[in-house]
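Read through the structure below, which is laid out as structure tokens, and then see the notes.
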Amino acid sequence: MSHEEKIALFENLESELKFNYRRMLLEKARLGRSVIFADSDGQPRRLKAKKALADLLHRAVEVDK
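Numbers in this note's numbering are just positions in the sequence shown, counted from 1, shifted up by 68.
Here it is, written out as structure tokens:
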């Protein structure tokens, strides 16, 4: 596999992971469920999916500025 093919593969993988992460958050938010994250110390934290989705969208807007 060439270097360019590897780059394309990793870019595709990154895109698919982001898409499916958003899809999972949307579904969990719709159902009123929580998600589990690791904080900066590696400790598990529970967060409502609706809040996690709002945070994700807020960060996306910040990046676009």
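Note that beta-carbon positions come from the ideal geometry of N, C-alpha and C, so glycine has one too. Note that the structure is predicted; figures quoted are calculated from it, not measured.
Identified DSSP bridge partners for residue i
{"i": "Val129", "result": "BP columns for Val129 are empty, so no partner."}
{"i": "Ile104", "result": "Arg114"}
Residue i vs residue j beta-carbon contact at 7 Å
{"i": "Ala56", "j": "Leu93", "result": "Any answer about residue 56 is impossible in this case: the structure gives the chain only from 69 up to 133."}
{"i": "Ala117", "j": "Lys86", "result": "no"}
{"i": "Ile104", "j": "Arg114", "result": "yes"}
Bounding residues of the alpha helix (DSSP H) (the contiguous stretch that carries residue i)
{"i": "Met69", "result": "Met69 -> no alpha helix (DSSP H), and no H or E assigned at all."}
Inset, instruction - Only counting runs of 4 or more residues, tell me where the alpha helix (DSSP H) segments fall wholly within the region 80–104, in order along the chain. - result: When DSSP assignments are scanned along the region 80–104, no uninterrupted stretch of alpha helix (DSSP H) that is 4 or more residues long falls wholly within it.
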